[in-house]
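**Student:** With UniProt numbering, letter number 768 in the sequence shown gets 768, and the count goes up by one each step, no holes. Ideal Cβ positions, reconstructed from N, Cα and C, are used throughout, including at glycine. Dropping the structure in here first, questions after.
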Amino acid sequence: MFWSSKSGISSNYSYSSSPTFVVDSWSVHTGRPKSSSTNALAKISVFIFDKKQFENYLLTYGVIKSKSSSKDKLIIQEAYNVLKTQVGNLAKLKHPNILTLIEPLEEHSKNFMFVAEYISGSLDTIFGSDTNEELEFLQNGVNSGNVIIQRGILQISQALEFIHNRASSVLLNLQPQSVLVNDNSDWKVFGLGHLVKLPQGTNTADYFIPQFSREVPAFMHIPLDYSAPELILDKMLSPKNDYFSLGLLIYFLYYKKSLLNCENSISSFGDQYAKFERQVLQYTSNQFFSKIPEKLRFCMPKLMNRDVFNRFDNISDFIESEFFQDPLIKTLIFLDDLPTKNAQEKSIFLDGLDKILPQFPTPLLQRKFLPVLLELMDQSCSADTRDPECLKRNLQVVIQIGSTLSQLTFHEKVYPHLVSDVNFPILLSVATSTFIDNLRILKDKCKSENFINVILKPLCSHVLSSNSAEIAVELQETLLLKLEIMLECFDFPTVKNFLFPLISQLFVKTTSLTVKNSCVGSFEKMIQEKAIDKYICVESILPLFKSMKTRDPRILLKSLQLFRLFPAFVDNENVIVEQLLPLLWNFSIAPSLKPSQYSDYIDVINKISADIQRSHMEKLKESTGLQSQSESANFNKVIEKPIQRREDPDTQAAKSISVPAMQPRTLAANSRSTSSGASTDKIIRQTNLQKPKTMPPTTEVPKRAVRSPPTKPLILTKGVAQNSPKATRARPARIINNQPKNDADDFEDFDDFVSSTSSPISAHHSRFPANAEAKAAVNVQAQSPKVSNTTPSTAFPPGFSMALQPQRKSSPLNSGDVSVSDGPSLL
């Protein structure tokens, strides 16, 4: 959460409401500039001192009794003067290892404020906590000879050299709280509130330390735990006071605790120092400083000797000691001065840096090297005159360090510098090989869409469309070797419409056999990866080779490897026979081929031909076999006599019936008058209302129950087959369940229908006496006045019906008195 007030700083900067950490009496807040003209991503630190909180602290602990008394006001004013002196000295002393002031001190009724470069913490907050992220970073940097701490000590020493030799002053406040660490892992001296300027022409002076209580805030006096004995005990001011303080700070860095614990008491300081001297005499210097690196351990007595004349004469002697002669330290020193070097020095440095880069801790590379190199790259691209080699090496180191970043961090910190409108065209033209060599890293660290559209496509177009210069040939060969990465990124339409045309055009236009060979290899890779389809192979690749004029053995043999893949990929006999095999024969008879190379061509031709022959023969056998089976079946159908199946006429006749089986019809008969026709039609319509059920004939006529109709039953009378006078047998009477009509003509018509047909079962009925149902039916018939008995008829049991069909000629069943006619009958 960010907030702002009406002050100048608050109106120009937004900062967090809660402090990131506290150093001395200042609460440090992370902020950003509001102005659009300033880089919005640049972070800054806002230092705020709360007056009200400080004055309440003095009242609470009895340092002052009231805010109104002159004595108490003087104490408060002295504290504020220390803060003003501290910020004022930051504005006066400009050095890379002294905290950089951005906005001067603003005094308000409630607080003091100033803005400085972004600070991530102090040595006290970093080394005083086991969970601090900055401490983890520094501990990771302990590898490679403690290069990060080693460099930090060097930076503090360089700041002291500036203060001593240039400003002729003594710091007097070198402690973990007064050394800050910025975002680039640079160590910055901050505690300038007690800075004392030496008299002109001398390096020593007297120094009076006022008496103060333990409750006085620490920033109001020099830190006794990190002060030299000659200053506290002998009141002697000298630049060598800071040497001793530096030795105490080095002890804190490696042991994570203070060597002296005076608790802001001058009397306690003497006891603590006496204890230290006894321990040094007892264990020797090497044993007492065992955790400190050996080369630095050798310098500790010259920093912390009680006799100031046995210390280093100048802090520059310490800087030139063997401890700082490590190549990595020298590299870091040169890196700090890199913007001031000329192009040749930069190129040499970057070339050597690429080789020793793995020796540096990764966090140091990310936080120190990367920002400096990105700034250098921006400056080089914006300059009027550019050194291509310097830019190429600069880009190489930037990408190599960027490979250690996460994709998100790379996209935030590195990607904008690579693809900016100013940088990218220049980098693409002068550092093309660097982009090609690091395609895999760029693919992994950039977002897919950005990498394809912003980097990869322009790179392919630039390289594959270049002229035939020697450097272009090398770039084209190198890029075609990275074809696998391109196929991973491009989808099928992009390969078809963008990449393949570029390679095809290069294959046609290039005069370099190596590039042409690489193009053939690219076609082969595309087929293997199935990045192109059969259509492209047939319509685009084969025509390229048909028009190819060169017959160099290297191209022909490389082409042969490609042609081996065609039969399985294309899978089209016509294409292989009409286009591929003629092309192979054409290439095989090139006079440039050796016998062994010609033999390779012949082997491929023979194999492809054999495969075609075998495949075609199988197809012919399959088609011929089907045709033979068809012809054989037709021949057999002709010569074989068809088998006539005997089918029951009754069954066939029954299948052709589309109406109920019992379908009476009127036959022409001499014995019937024409007046009965109308009655017969009525009976037929009445009979069709109920579908009769068919019952197969049995040896016995089943007994059937007589169903009583709802009204008076209809009685069927016996009739004579074919209306013959020889009609003999009585048939069981059939009772119709339909509602009988009172009209006598209806019954006469139905009697004519029954008497006009003969049934095969009538003879069967003559052998057996009529059953009870039949007798009952006859009796009912005899009683009915409306039914004529002049013509005998056969009655069917209820539910029994016979199909109307042509009558077969048969012999009489019994005595031969039954005449069988050729007319239709009911079966």
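#1: If you check the beta carbons only, do Leu357 and Val397 fall under 9 Å apart?
#2: If you pair each beta-carbon of the stretch 204-216 with each one of the stretch 99-115, do three or more pairs fall below 8 Å?
#3: Between the alpha carbons of Asp317 and Ala431, how many angstroms are there, rounded?
#4: Can you tell me whether DSSP reads Arg32 as helix, strand or coil?
#5: What is the DSSP secondary structure of Pro96, counted as helix, strand or coil?
#6: Would you mind working out which of Ala91, His616, Gln561, Lys534 sits nearest Glu573, comparing C-alpha positions?
#7: Given a cut-off of 9 Å, decide if Gln175 and Pro223 are closer than it, judged by their beta-carbon atoms.
#8: Within this structure, are the beta carbons of Val495 and Leu506 separated by less than 9 Å?
#9: What separation, rounded to the nearest whole angstrom, lies between the Cα atoms of Glu484 and Gly521?
#10: Please name the residue in Lys549, Val473, Phe498 whose C-alpha comes closest to that of Ser518.
#11: Assuming Asn286 contacts Arg297 under a Cβ cut-off of 8 Å, what Cβ separation, rounded to an integer in Å, is found between them?
#12: Unbroken beta strand (DSSP E) runs of length 3 or more, entirely within the stretch 485-520: which are they?
#13: By Cβ distance below 7 Å, which residues in the same chain neighbour Ile102 in space, the five residues on each side in sequence not counted?
#14: Specify whether the stretch 249-265 and the stretch 183-193 touch according to this definition: at least 3 beta carbon pairs, one from each stretch, less than 8 Å apart.
#15: Return the residue from the list Arg554, Arg551, Gln528, Ser559 that minimises the CA-CA distance to Leu542.
#16: Quick one: grab the DSSP three-state call for Pro595.
#17: Taking the alpha carbon of Ser18 as the point to measure from, which residue in Phe127, Val46, Gly8 has its own alpha carbon closest?
#18: Return yes when at least one heavy atom of the ligand GDP lies under 8 Å from the C-beta of Val147, else no.
#19: Tell me which same chain residues have a C-beta within less than 6 Å of the C-beta of Trp26, skipping the five on either side of it?
#20: Would you tell me roughly how many angstroms separate the C-alpha atoms of residue 852 and Val82, rounded to the nearest one?
#21: Please return the same chain residues whose Cβ sits closer than 7 Å to the Cβ of Cys390, not counting the five positions on each side in sequence.
#22: Give me the Cα-Cα distance between Ile156 and Ile333, rounded to the nearest whole angstrom.
#23: Determine the direct distance from the alpha carbon of Pro339 to that of Thr20, and round the result to whole angstroms.
#24: Mapping DSSP to helix, strand and coil, what is Glu103?
#25: In chain order, what residues of the same chain have a beta carbon less than 6 Å from the beta carbon of Thr478, not counting five sequence neighbours either side?
#26: Does the Cβ of Asn89 have 16 or more other Cβ atoms within 10 Å, making it buried, or fewer, making it exposed?
#27: Where does the unbroken alpha helix (DSSP H) through Ile48 begin, and where does it stop?
#28: Beta-carbon within less than 8 Å of Val419's beta-carbon, same chain only, minus the 5 sequence neighbours each way: which residues are those?
#29: Could you pull the start and end residues of the beta strand (DSSP E) that Ile119 belongs to?
#30: In three-state terms, what does DSSP make of Met548?
#31: By the DSSP assignment, the alpha helix (DSSP H) with residue 828 in it spans what residues?
#32: Is it the case that the Cβ atoms of Ile119 and Ile250 are separated by a distance below 9 Å?
#33: Three-state secondary structure (DSSP) at Asn189?
#34: May I have the straight-line CA-CA distance separating Glu107 from Asp206, to the nearest angstrom?
#35: Please tell me whether Lys447 and His417 are closer than 9 Å, where the distance is taken between their beta carbons.
#36: What does the alpha-carbon distance come out to for the pair Ser169 and Ser10?
**Tutor:** Judging by the given coordinates:
#1: yes
#2: no
#3: 43 Å
#4: strand
#5: coil
#6: His616
#7: yes
#8: no
#9: 12 Å
#10: Val473
#11: 6 Å
#12: none
#13: Ile44, Val115, Ala116, Glu117
#14: no
#15: Ser559
#16: helix
#17: Val46
#18: Ligands in the displayed structure: none, and consequently the ligand GDP is not present.
#19: Phe47, Phe49
#20: The requested residue 852 is not part of the displayed model; the chain covers only 1 to 827.
#21: Ala343, Lys346, Ser347, Leu350, Ser380
#22: 13 Å
#23: 31 Å
#24: strand
#25: Ile436
#26: buried
#27: Taken as a continuous stretch (DSSP letters only), Ile48 belongs to no alpha helix (DSSP H), being part of the beta strand (DSSP E) at 44-50.
#28: Asn450, Val454, Ile455
#29: 119-122
#30: coil
#31: Nothing about residue 828 can be read from this structure; the chain reaches only from 1 to 827.
#32: no
#33: Position check: residue 189 holds Val in this sequence, whereas Asn was assumed. It is a strand residue.
#34: 33 Å
#35: no
#36: 34 Å
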